[in-house]
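K.L.:
Protein chains in written order, with the working numbering: chain A, 310 to 928; chain B, 458 to 799.
Ideal Cβ positions, reconstructed from N, Cα and C, are used throughout, including at glycine.
What you are looking at is a predicted structure, and each value in this text was computed from that prediction instead of being measured.
Below is the structure I would like to discuss, written out as structure tokens.
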């Protein structure tokens, strides 16, 4: 044992030595330090969130105020405005498409998983870095390349991809069908290929690191739920993203090389195409085989972060630690066999529809267990309202509100009338979009002190939370009514139909709420960027948390712990343990040092601990 | 000039806000108040939670009752009555769970807000509770699924033999419909035969096609099963008729279908709604390009006898487009002229 420790220390010295010679480029740009890479993901994610949000404001203006003259946006939108100052109808679809693509992939996958898996996995399991720092760096730079390509596609003459974020062929396969299916779609596909490569590089790293690099004593049953969530997320991503890759590849073949995987019997632009024998439904199956797990890829990390934050700030252990893990595993497995609930009315065999109805509603059970467990964690706590805590409570609120509407959509008979209406929009924006976004926010507020060694302002955080939380409900709750009334999504305007002539006032209301909610994010931006440089210096453990990352120096260097890696003696949820005089016991405190608070079975382990220590001392 | 003034005021406001923030921060520092566990702070946030909870629930029930007639479309098909029932049963269950869980979610933080003197209770798990809230949702869901699947199987079951058949074709950016005509047999069609006039690509080597007619709007009989045979010409569209609670994608290369029984005629609905201009609309509900939001088609539900009359009055497409007789094989020309009534 002693030998091993010495080796680690030597390794360390070597590390420090290295850091001395770090140039700006190797420290901040092509860095292999997981903490820097996490920050790179975070900043890029924030950039994309702003773009994605701004795009949504543009189409909300159109939906809320269809008669408005948008001439004042001429300098930005140029030719995408008509002479009368209205949005081009095809550009409207481009906005919806890019909003979805950006938010789902670049913000809530890369920005959330990329940031917090990278940042927290080594710190919370007690590792010096990721298993492969180089692959980790590549993961970010593939994402960056993917971002650049997608960003460029916003500015090309024919416009970015416009067939909806799901880019169903034949619409996305045929440039004749819409101008966005030309170069814009090609760039979308190329960008996604790099994105998938980035996700896989990251995911392999997360999995390997969690399995191999846990510090001594950090068994799987002592891992914080954050790590469990990131680990399971990475596994889901690793299994599902390659399928998206194959779907995209076949689409590339159809678009560029004349194959007919998805195309059959098409007459468009005055000519009958030669393609025959393909099936557009095949693409939908392949896409949703990723697309549905993707929902959990964005949601699980947020739930993991929430578990950690709620437990810490309730000063209570998370309720049902094992049930939480089992639920996440169940969700992970089931997420692969529910995809076709997106396709009940696609024309697929109705028998498949019934199978997927059953499987879909089963996935509601572990989700319900998680929600109940969060609420029970709050029960009889001693709750501290840090901004992170508020965002976590907000997440649970959205998770319930949006999750419940899933019971309608997952039931194929009810879905017939609700499919592709605003009810769906309300559902997934609450349960997946807003919930994950709140998880991201909770994570930023909670781990900012560790990331930058300074504190964010909590009052601004509270204001930001309440504006955003109320704002999100004001934006998405009304959409349920519009959906029940049968309003189809992705409509430029509703004036063509008698059935949809109502709710103009409600749509205007939603748009105003969206603008205010977006504006509130600037409070966050200020709070974030200002306090990176000017914030109050953070104490070592600002939230009195038990996990390992708070045992590092205020600003951890490359290698995380200057001395040896801490050992772990207990699970990460020893908050308010009866008998202990403090309301938290860090994971690094041996059981043998806390006889006053040990549970019976822990006393046994404590005695083994002391024996092991004596043995080590003898050796 | 005006925009300059606007910009200056925006900058001014930003500067003022920033100054307030700095002053506030400095005052906090001077007071030595930096603890996030500040109890005033805690009370404020906990109370906001309760205000939000109560305000939100009141607003939810107020708006849901006030606007009920606006957001619920009257239902006009047999299966629609069943799925609407399912919808409202599910709604009752979910609203109950929604209200209870949200109350707990905001009441607990209010009740158990941080006080230095308090200690949280160490309550890591309780198997009984966890089993309880695994089994209860499972049972409730089973019941919901059971009734849902029964409805789903009935709806997607094969259409009755005597169903009236209508072919609906979606293309960028309109709908077209075709009826089988007197022989009640839709003729063959091939997308390669589509041209400017023959929008359906009707194949006139098939004699069933001779009497097919293409009306400008869909007519269907009240109280009789109707089978929509759905096709798409270019990209995916979706046939969505919200009043009939029917929806089915139109997929190029893969014909789909949906059958249902309309149970209120257009006239019935006009009386029910007190709106003499009411019409059933068919809309596209799958993104299909720039005209996606404007693919409107009318469905008229007639009393059965009116429907028969209307059906008999329709002229076969071939008789309106005699040029296409040239596409009919010679041995069938005579049959074609008789069928098409030329």
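1) Can you tell me whether DSSP reads residue 725 of chain B as helix, strand or coil?
2) Which residues in the same chain as residue 761 of chain A place their Cβ atom closer than 6 angstroms to its Cβ, once the five residues preceding and following it in sequence are excluded?
3) Relative to the C-alpha of residue 685 of chain B, which candidate in B:773, B:721, B:679 and B:703 has its C-alpha closest?
4) Would you mind telling me which residues of chain A sit closer than 7 angstroms to residue 746 of chain B, beta carbon to beta carbon, in chain order?
5) Buried or exposed, going by whether 16 or more other CB atoms sit within 10 Å of the CB of residue 325 of chain A?
6) Does DSSP put residue 765 of chain B in a helix, in a strand, or in coil?
7) Report yes or no: do the stretch 628-637 of chain A and the stretch 531-550 of chain A share at least 3 C-beta pairs separated by less than 8 angstroms?
8) Starting from residue 751 of chain B, find everything on chain A with Cβ-Cβ shorter than 7 angstroms and list it in chain order.
9) Pair every Cβ in the stretch 496-506 of chain B with every Cβ in the stretch 557-575 of chain B, then say whether three or more of these pairs are closer than 8 angstroms.
10) May I ask you to list, following chain order, the residues of the stretch 761-784 of chain A that have a beta carbon less than 9 angstroms from some beta carbon of chain B?
11) Cβ of residue 344 of chain A within 8 angstroms of Cβ of residue 428 of chain A?
12) Is it a yes or a no for the stretch 374-383 of chain A touching the stretch 698-715 of chain A, going by three-plus beta-carbon pairs under 8 angstroms?
13) Any contact between the stretch 604-617 of chain A and the stretch 730-745 of chain B? By contact I mean 3 or more CB pairs, one from each, below 8 angstroms.
14) Please tell me whether residue 500 of chain A has its Cβ less than 8 angstroms away from any Cβ of chain B.
15) Hey, residue 755 of chain B and residue 675 of chain B: beta-carbon distance below 8 angstroms or not?
16) Measuring alpha carbon to alpha carbon, tell me which residue in A:578, A:798, A:531 and A:528 is nearest residue 691 of chain B.
17) My output table needs one value for residue 902 of chain A: the three-state DSSP class, helix, strand or coil.
18) If we define contact as Cβ-Cβ less than 8 angstroms, is residue 687 of chain A a contact residue for chain B?
19) Assuming residue 698 of chain B and residue 627 of chain B make a contact with CB atoms under 8 angstroms, what is their CB distance in whole Å?
20) Does the separation of the CB atoms of residue 716 of chain B and residue 616 of chain B fall below 8 angstroms?
21) DSSP state of residue 802 of chain A, grouped into three classes?
22) Using a Cβ cut-off of 8 angstroms, pull out every chain B residue sitting near residue 699 of chain A, in sequence order please.
23) In whole angstroms, what separates the C-alpha of residue 466 of chain A from that of residue 596 of chain B?
24) Mind checking whether residue 695 of chain A and residue 880 of chain A have CB atoms under 8 angstroms apart?
25) Along chain B, in chain order, which residues have C-beta atoms closer than 8 angstroms to that of residue 754 of chain A?
26) What do you get for residue 463 of chain B, buried or exposed, if any count of 16 or more other CB atoms within 10 angstroms of its CB means buried?
27) Starting from the Cα of residue 473 of chain A, find the closest Cα among A:662, A:551, A:799 and A:420 and give me that residue.
28) Taking only the alpha-carbon atoms, compute the straight-line gap between residue 647 of chain B and residue 658 of chain B and give it to the nearest angstrom.
29) Please state if the CB of residue 812 of chain A and the CB of residue 829 of chain A are separated by a distance shorter than 8 angstroms.
30) With DSSP as the reference, label residue 846 of chain A as helix, strand or coil.
31) Indicate whether the contact test is met: 3 or more Cβ pairs, each with one atom in the stretch 815-835 of chain A and one in the stretch 729-742 of chain A, closer than 8 angstroms.
32) Can you pull the chain B neighbours of residue 907 of chain A, defined as C-beta to C-beta under 9 angstroms?
33) Assuming residue 705 of chain B is part of the beta strand (DSSP E), what are its boundary residues?
34) Taking Cβ positions only, does residue 839 of chain B come closer than 8 angstroms to chain A?
35) Thinking just about the alpha-carbon of each residue, which of A:574, A:600 and A:621 is nearest to the one in residue 588 of chain A?
36) At 8 angstroms on the CB atoms, spell out the chain B contacts of residue 662 of chain A, in chain order.
P.N.:
So, from the listed chains and residues:
1) Looking at residue 725 of chain B - three-state DSSP - the assignment turns out to be helix.
2) Contacts found: 841.
3) With distances taken between Cα atoms, residue 685 of chain B lies closest to B:703.
4) Against residue 746 of chain B, the close residues of chain A are 480, 486 and 487, in the order they occur along the chain (beta-carbon pairs closer than 7 angstroms).
5) At residue 325 of chain A the pLDDT is 45, less than 50, meaning the model places this residue with poor confidence; the figure from the coordinates comes in the next sentence. Residue 325 of chain A is exposed by the Cβ-count criterion.
6) In this structure, residue 765 of chain B counts as helix in the three-state DSSP scheme.
7) These segments touch.
8) Near residue 751 of chain B (Cβ distances below 7 angstroms), the residues of chain A are 805.
9) Between the stretch 496-506 of chain B and the stretch 557-575 of chain B, the count of C-beta pairs closer than 8 angstroms reaches three or more; the two stretches touch.
10) Answer set for the stretch 761-784 of chain A: 764, 766, 767, 768, 769, 771, 774, 775, 778, 779 and 782.
11) Annotated as proximal: residue 344 of chain A and residue 428 of chain A, with beta-carbon spacing under 8 angstroms.
12) With the cut-off at 8 angstroms, the stretch 374-383 of chain A and the stretch 698-715 of chain A do not touch.
13) By the Cβ test, the stretch 604-617 of chain A is not in contact with the stretch 730-745 of chain B, since fewer than three Cβ pairs between them sit closer than 8 angstroms.
14) Residue 500 of chain A does not count as touching chain B.
15) A distance below 8 angstroms separates the beta carbons of residue 755 of chain B and residue 675 of chain B.
16) With distances taken between CA atoms, residue 691 of chain B lies nearest to A:578 out of A:578, A:798, A:531 and A:528.
17) Helix at residue 902 of chain A.
18) Interface residue (Cβ-Cβ distance to chain B less than 8 angstroms): residue 687 of chain A is classified as such.
19) With a beta-carbon spacing of about 13 angstroms, residue 698 of chain B and residue 627 of chain B fall beyond the 8 angstroms limit used to define contacts.
20) A Cβ-Cβ contact shorter than 8 angstroms links residue 716 of chain B with residue 616 of chain B.
21) Coil, per DSSP.
22) By Cβ distance, chain B contributes 502.
23) Our two residues, residue 466 of chain A and residue 596 of chain B, have alpha carbons roughly 55 angstroms apart in a direct line.
24) No; because the gap between Cβ atoms is not below 8 angstroms, this pair is not in contact.
25) Result: empty, since nearest Cβ-Cβ is about 10 angstroms, beyond 8 angstroms.
26) Exposed, by the Cβ-count rule.
27) Distances from the CA of residue 473 of chain A to each of A:662, A:551, A:799 and A:420 were compared; the closest alpha carbon is that of A:799.
28) Roughly 5 angstroms separates the two Cα atoms.
29) Going by C-beta atoms, residue 829 of chain A is not nearer than 8 angstroms to residue 812 of chain A.
30) Residue state, collapsed to three classes: strand.
31) Counting C-beta pairs with one atom in each stretch, the stretch 815-835 of chain A and the stretch 729-742 of chain A have fewer than three that are closer than 8 angstroms, which means they do not touch.
32) What residue 907 of chain A touches in chain B, judged by beta-carbon distance under 9 angstroms, is nothing: the nearest beta carbon there is about 12 angstroms away.
33) Here the beta strand (DSSP E) through residue 705 of chain B covers 703-707.
34) This structure leaves residue 839 of chain B out entirely; chain B is present only between 458 and 799.
35) Of the candidates A:574, A:600 and A:621, the one whose C-alpha sits nearest the C-alpha of residue 588 of chain A is A:574.
36) Under the 8 angstroms cutoff, chain B gives 609 and 613.
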